[in-house]
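Colleague: Can you read through this structure? Questions will come right after.
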Amino acid sequence: MHPLPRPLTREPFTTSAARAAGLSAGRLRGPAVQRLFVGAYRRSGDRPGLPDLVRAALLVAPPGALVTGVTALRLLGAAVGRVRPVHLVGTHPHPVRRPGLRVTRVAVLPPGVDGLVAAEVAFVAAAPALDLVELVAAGDHLVRRGLTTSAALVGAAGRYRGRGSVLARRAAGLVRERVDSPRETELRLCLVLAGLPEPACNVVVGDDREAVARGDLVYRRLRVVLEYEGDQHRTDVRQWNRDIERQEQLEATGWRAVRITAERMRRPRSVVSRVLQVLRDAGYQGPDPVLGPEWTTSFAPGVRAARSARAFEDV
């Protein structure tokens, strides 16, 4: 079989571009070509990435459409939500109905740069497709990377009147600076939504003479540090030894260090109970946690597993 014309091997292409290059309808259905959307294709072979999928979507979308919602968040590095459908926004008067593609129609395009809506616009537009933990994790990521500010997210959520507006406002109010990972977000929300006091994110701790470490989540007044530990903390011997030395240093300066593993986060009730016990030992006299509807919706059995599966979903 003849190879595809060179221009069609570099980027996604449309049906009309294929015909102009001499490809028949039969070739478009053949093994050398992969259909990404109705009317949009790419060369078969290596697995397409999200940028390929977005470029293909823009080929069949109304002119001037921008990437928004979960798709924009993923392109900005936030691993939340599902890869499909690709979410765009445009001003075209007629609806676009293609499997795997969603185009929201608006009267005026929101602000955007390089084909993407502004980060805070993507945040609120993603609210209908995400749960509270995912949306806060996305906001934490955007703020950490300097793509927006927590104040801008709160403002955008306050102005938003579309579907998911209540969730957007709630999530924006929970976004924090200096959050290094979505797992830290999840651990923080596991505690805060249960009614425990909110820890500070990634602050330096130690004694009056010197800084000892930077803690993931810190209760400064109670001198308690919570550390989230993914599996690499167990499998990397050097990391494991550093963790032990760090904990010894913290305890030597009067801090309680609690290590929350990825395995324990699969049992979020246990996490709440363990942290409460440590806080009580440190002098916390506040109310007991309450695992109400918001906590249950976010951390019920199966919810967290589904959230993790979406985060690692491939194209």
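Sequence positions in the sequence shown follow full-length UniProt numbering and run 1 to 315.
For glycine and all other residues, C-beta sits at the position ideal for the given N, C-alpha and C.
Computed from a predicted structure; not experimentally measured.
Is there at least one non-hydrogen atom of the ligand ATP closer than 7 Å to the beta-carbon of Thr253?
Modeller: Ligands in the displayed structure: none, and consequently the ligand ATP is not present.
Colleague: Cutting at 7 Å between CB atoms, please list the residues of its own chain near Ala257, excluding the five before and the five after it.
Modeller: The residue you call residue 257 lines up with position 257 of the sequence shown. Val225, Glu227, Gln247, Leu250 and Glu251.
Colleague: Roughly how far, in whole angstroms, is the beta-carbon of Arg176 from the beta-carbon of Ala157, given that I think they are within contact range, below 8 Å?
Modeller: Translated into positions along the sequence shown, residue 176 becomes position 176. Translated into positions along the sequence shown, residue 157 becomes position 157. Not really, about 15 Å apart at Cβ, beyond 8 Å.
Colleague: What did DSSP end up calling residue 317 once you bin it into helix, strand or coil?
Modeller: Since the displayed the chain opens at 1 and closes at 315, residue 317 lies outside it and no answer follows.
Colleague: Okay, do the segment 298-305 and the segment 255-273 touch, 3+ Cβ pairs below 8 Å being the bar?
Modeller: Yes: the two stretches touch, three or more of their Cβ pairs being nearer than 8 Å.
Colleague: Could you have a look at Thr15 and say whether DSSP puts it in helix, strand or coil?
Modeller: Within the sequence shown, the letter at position 15 stands for residue 15. Thr15 falls in the helix class under three-state DSSP.
Colleague: Please tell me whether Ala119 and Leu76 are closer than 8 Å, where the distance is taken between their beta carbons.
Modeller: For the purposes of this step, residue 119 is taken as residue 119 along the sequence shown, with counting starting at 1. For the purposes of this step, residue 76 is taken as residue 76 along the sequence shown, with counting starting at 1. The answer is yes: Cβ separation under 8 Å.
Colleague: Looking at the structure shown, is Val124 part of a helix, part of a strand, or coil, going by DSSP?
Modeller: To locate residue 124, count along the sequence shown from 1; it is residue 124. Three-state result, Val124: helix.
Colleague: Would you mind giving the Cβ-Cβ distance between Leu101 and Phe37, rounded to the nearest angstrom? I have them listed as a contact below 8 Å.
Modeller: Along the sequence shown, read from residue 1 onward, the residue named residue 101 stands at position 101. Along the sequence shown, read from residue 1 onward, the residue named residue 37 stands at position 37. The pair is a contact, with the Cβ atoms about 6 Å apart (cut-off 8 Å).
Colleague: Just list the alpha helix (DSSP H) runs in the segment 156-227, keeping only unbroken ones of 4 residues or longer that don't cross its boundaries, in chain order.
Modeller: Whole alpha helix (DSSP H) segments, 4+ residues: 165-174 and 182-192.
Colleague: Report yes if the CB atom of Glu11 is closer than 8 Å to the CB atom of Arg55, and no otherwise.
Modeller: Your numbering for residue 11 matches position 11 in the sequence shown. Your numbering for residue 55 matches position 55 in the sequence shown. Yes; because the gap between Cβ atoms is below 8 Å, this pair is in contact.
Colleague: Which ranges does the beta strand (DSSP E) cover as unbroken runs of at least 3 residues, wholly within the segment 36-65, from first to last along the chain?
Modeller: Runs found: 40-43.
Colleague: Can you tell me where the alpha helix (DSSP H) with Leu279 in it begins and where it stops?
Modeller: The residue you call residue 279 lines up with position 279 of the sequence shown. First-last of the alpha helix (DSSP H) with Leu279: Pro268 to Asp281.
Colleague: Can you list, in chain order, the residues of its chain whose CB lies under 6 Å from that of Val124, leaving out five sequence neighbours each side?
Modeller: Working through the sequence shown from its first residue, we reach residue 124 at position 124. Contacts found: Ala156, Ala157, Tyr160 and Ala168.
Colleague: Could you tell me the distance, in whole angstroms, from the CA atom of residue 327 to the CA atom of Ser16?
Modeller: Look at the range of the chain in this structure, 1 to 315, and you will see that residue 327 is not part of it.
Colleague: In angstroms with no decimal places, state the Cα-to-Cα distance between Ala194 and Thr104.
Modeller: Taking the sequence shown and counting its residues from 1, one reaches residue 194 at position 194. Taking the sequence shown and counting its residues from 1, one reaches residue 104 at position 104. If you take the alpha carbons of Ala194 and Thr104, they lie about 35 Å apart.
Colleague: Does Ala306 get closer than 8 Å to chain B when you measure Cβ to Cβ?
Modeller: Structure shown: chain B not included; a single protein chain is present.
Colleague: Is Ala130 near Gly81, with beta carbons less than 8 Å apart?
Modeller: For this step, residue 130 is matched to residue 130 along the sequence shown. For this step, residue 81 is matched to residue 81 along the sequence shown. Note that residue 130 is Leu in the sequence shown, not Ala. Going by C-beta atoms, Leu130 is nearer than 8 Å to Gly81.
Colleague: For Pro289, I'd like the list of residues in its chain whose CB is within less than 7 Å of its CB, leaving aside the five on either flank, ordered along the chain.
Modeller: Position 289 of the sequence shown, counted from the first residue, corresponds to residue 289. Ala194, Gly195, Leu196, Val272 and Leu276.
Colleague: In chain order, what are the residue ranges of uninterrupted beta strand (DSSP E) at least 3 long that sit wholly in the segment 92-153?
Modeller: Listed in chain order, they are 101-105.
Colleague: Between which two residues does the alpha helix (DSSP H) containing Leu28 stretch?
Modeller: Translated into the one-based positions of the sequence shown, residue 28 becomes position 28. Per DSSP, Leu28 belongs to the alpha helix (DSSP H) from Ala25 to Leu28.
Colleague: Tell me the residue span of the beta strand (DSSP E) that contains Arg259.
Modeller: If you number the sequence shown from 1, residue 259 lands on position 259. Looking at the DSSP string, the run of the beta strand (DSSP E) that includes Arg259 is Arg256 to Thr261.
Colleague: Per DSSP, what kind of secondary structure is Glu229 in: helix, strand or coil?
Modeller: Indexing the sequence shown from 1 puts residue 229 at position 229. Glu229: strand per DSSP, three-state reduction.
Colleague: Please report the distance separating the alpha-carbon of Ala21 from that of Arg43.
Modeller: On the sequence shown, position 21 is the one that residue 21 refers to. On the sequence shown, position 43 is the one that residue 43 refers to. Their Cα atoms are separated by approximately 14 Å.
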